[in-house]
Amino acid sequence: IRIVEHGKIDLAELLDVRGFNLNADLGGGMTLRPLAPAGKSSDRITSLVLRSDKPLNLDRLSEFMNELLEDHGKQLLRYKGVLNIEDEPRKMVFQGVLKLYGFDWDTEWAEGEPRESVIVFIADELPEEKIRAGFAAMVG
């Protein structure tokens, strides 16, 4: 058992590896081929950006995120954001994968810095209009 704080641990203790070398010889026989025929693209994986210049209520934000994760957590491949929480001088940062996410308080907003909340989702077939409507309702 290893005790860690905020995930800080020497990777060799976890993985028993000697590191990853980007310059390693990959061998001469490797070829690359497209996964889909040229000219065709998959529209399933998309990104969605939500923005607000209004401070967010933490309770309403939690309800919005919990509902989003419950309904679409398996579709949320990656998401992250920097949030302006009402009555809070610090930025809230968060990130997640699928239904797993974490958040923490960051530095205070700088003098003159625009206090804007931005959330970015990368997802598989996400109902964009429904989520935008839910976010707009949460912002008020």
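So that you can map any letter, position 98 of the sequence shown is 82 in the working numbering, and since no number is skipped, the others follow by simple counting.
We put the beta carbon where it would ideally sit given N, CA and C, even for glycine.
Same chain, Cβ closer than 7 Å to residue i, neighbours up to 5 away in sequence not counted
{"i": "residue 6", "result": "The predicted model places residue 6 with a pLDDT of 49, which falls under 50 and marks its position as unreliable; any figure quoted below should be read in that light. The answer is none, since no qualifying residue turns up."}
{"i": "residue 126", "result": "Beyond the ends of the chain as shown, which are -15 and 124, falls residue 126; an answer cannot be given."}
{"i": "residue 74", "result": "89, 90, 91, 92"}
Rounded straight-line distance, which links the Cα of residue j to that of residue i
{"i": "residue 101", "j": "residue -15", "result": "39 Å"}
{"i": "residue 95", "j": "residue 60", "result": "34 Å"}
{"i": "residue 124", "j": "residue 104", "result": "20 Å"}
{"i": "residue 112", "j": "residue 118", "result": "10 Å"}
{"i": "residue 82", "j": "residue 57", "result": "5 Å"}
{"i": "residue 78", "j": "residue -3", "result": "27 Å"}
{"i": "residue 46", "j": "residue 85", "result": "12 Å"}
{"i": "residue 51", "j": "residue -12", "result": "31 Å"}
{"i": "residue 99", "j": "residue 34", "result": "14 Å"}
{"i": "residue 44", "j": "residue 55", "result": "17 Å"}
{"i": "residue 120", "j": "residue 87", "result": "21 Å"}
Bounding residues of the alpha helix (DSSP H) (the contiguous stretch that carries residue i)
{"i": "residue 114", "result": "112 to 123"}
For residue i: DSSP bridge partner residues
{"i": "residue 75", "result": "68"}
{"i": "residue 57", "result": "Residue 57 is not bridged to any residue."}
{"i": "residue 137", "result": "No answer is possible for residue 137: it lies beyond the span of the chain, which begins at -15 and ends at 124."}
Endpoints, the beta strand (DSSP E) within which residue i is located
{"i": "residue 28", "result": "Unbroken run through residue 28: none, as it is neither H nor E."}
{"i": "residue 100", "result": "Here residue 100 belongs to no beta strand (DSSP E), and DSSP marks it neither H nor E."}
{"i": "residue 88", "result": "84 to 92"}
6 Å Cβ shell around residue i - same chain, five flanking residues per side excluded
{"i": "residue 80", "result": "63"}
{"i": "residue 38", "result": "123"}
{"i": "residue 53", "result": "83"}
{"i": "residue 28", "result": "108, 109"}
Chain-order list of residues whose beta-carbon lies under 8 Å from that of residue i (same chain, five-residue window excluded)
{"i": "residue 40", "result": "67, 68, 69, 70, 101, 122, 123"}
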